[in-house]
Amino acid sequence: MITRLTYEQISAAVQDAYDGCKSIKGGQNAHYIPYLANVNPGLFGISLCLPDGRTISVGDTVYRFGIESVSKVPTAILAMQQAGAQAVLEDIGADATGLPFDSIFAILLENDRPSTPLVNAGAIAACSMVQPKGNAEGKWAAILNNMTALMGSEPVLIDELYRSEAATNFSNRSIAWLLREYNRLYDDPEMSLDLYTRQCSLGVTAEQLAIAAATIADDGVNPITKKRAFSAELAPKVVALMSAVGFYEHSGDWLYATGLPAKTGVGGAIIGVMPGLFGVCAFAPPLDESGNSVKAQAALKHLMKTLQLNVFSNTHFDIA
Ligand code: GLN
């Protein structure tokens, strides 16, 4: 069955999700990264981008916040693009861990593998895979260029956030060295950890992340610049990674409830990808106990329900 959605319907649904969720209370800013603890908890925005480049934005969608774990998606794409999808599967994995994002136990359980580039261990491993090997500045440039291609504009490092994270990332340092012990890091551990920490500290807006999500929904072509950011055959694999572990130990619950492949970050952003239809980002800093934005989750749930969308449904949509 094919159902036609109009731009007006989608716009109204975004506005409705914003209005319906803006007074939701609950949750707390990430407290373990000092910079994030001090961000205004009242910020809230939703931005949605269609494959033809039309964008719908409501609320605080040009506020620059820390991308945090949403950065794991672009760098997974970069590693897949540079080394191939099969190499990422073999060297990192594509499995859900069923455990929190920074779990060391997950590394031990998964026979020494980082499981997926979308948890901390796999994301540090993905940074270690990025080319040119051994060249921190070259790797950082590749990470930035890739993110810029996905978003159609540059991210900006939030220096204070970077310093705040670098001074407190003891558990990520343990993860990096444990992976090194298992030969699951493919470059210098401290360099890989630093690249991961820096990429998490990049400042982006909800509008930029919605465009990046729409680039994934559009099989790798950026809907604003119209340029190809990555090969089309990688897009379903990226959506598969997001579906499997985008919400860490709650990924199944999230997919069951919303039918939206999505990825969260402790900066308060969640990106969602409906292949062929749109990319979306909701942003609000207070998080639940697993590190997922309370209001952004509610907003995306609201949106999917209003539009009656579900990635697993046999109803196919197009946009008029
Ligand atoms: N930089 C954060 C960390 O490594 C990112 C975590 C997240 O967003 N879930 O702990």
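The working numbering puts the last residue of the sequence shown at 320; the count rises by one with no breaks. Yeah, the Cβ is synthetic: ideal placement off N, Cα and C, and Gly gets one too. Please read all numbers here as calculations on a predicted model, not as lab measurements.
Coarse secondary structure for residue i, derived from DSSP in three states
i    : result
Q28  : strand
F230 : coil
I270 : strand
R326 : With the chain covering only 1 through 320, there is no way to say anything about residue 326.
T258 : helix
R4   : strand
S313 : coil
A282 : strand
K263 : strand
S192 : helix
L202 : strand
D95  : coil
D318 : strand
Nonlocal neighbours in the same chain, by C-beta distance under 6 Å from residue i, ignoring five residues either side
i    : result
L303 : A13 and A17
T55  : C49
M80  : V88 and L234
S128 : L185, Y186, D187 and S192
L307 : A13
R113 : G93
G98  : E249
F230 : I77, Q81 and G220
T148 : E154
Supposed contact pair residue j and residue i - C-beta distance, whole angstroms, cut 8 Å
i    : j    : result
L234 : G220 : 7 Å
L185 : S192 : 6 Å
T61  : G45  : 4 Å
A142 : V130 : 6 Å
Pick from the options that is closest to residue i, judged by C-alpha positions
i    : options                   : result
A298 : C21, M147, Q9 and Y7      : C21
L15  : A282, E289, N146 and S71  : Residue identity differs from the one stated: residue 15 is Gln in this sequence, not Leu. Of the candidates A282, E289, N146 and S71, the one whose C-alpha sits nearest the C-alpha of Q15 is A282.
A296 : P275, V238, V73 and A206  : A206
I124 : N172, V39 and Y182        : N172
V119 : K227, F278, S251 and V294 : S251
Cutoff 7 Å; reference residue i; Cβ partners in own chain excluding five residues on either side
i    : result
G152 : I211, N222, I224 and T225
G59  : Y18, F44, G45 and I46
W140 : L195 and R198
P100 : Y248, E249 and S290
L255 : S243
I104 : S174, I175 and L178
Cβ neighbours of residue i in the same chain (closer than 8 Å, five flanking residues each side left out)
i    : result
Y162 : T197, R198 and S201
G259 : M304, L309, N310, V311, F312 and S313
T168 : Y32, I33 and P34
Subject >> Heavy atoms of the ligand GLN versus C-beta positions, residues under 6 Å >> reply: E68, S69, F101, D102, N120, E165, N172, C200, G265, V266 and G291
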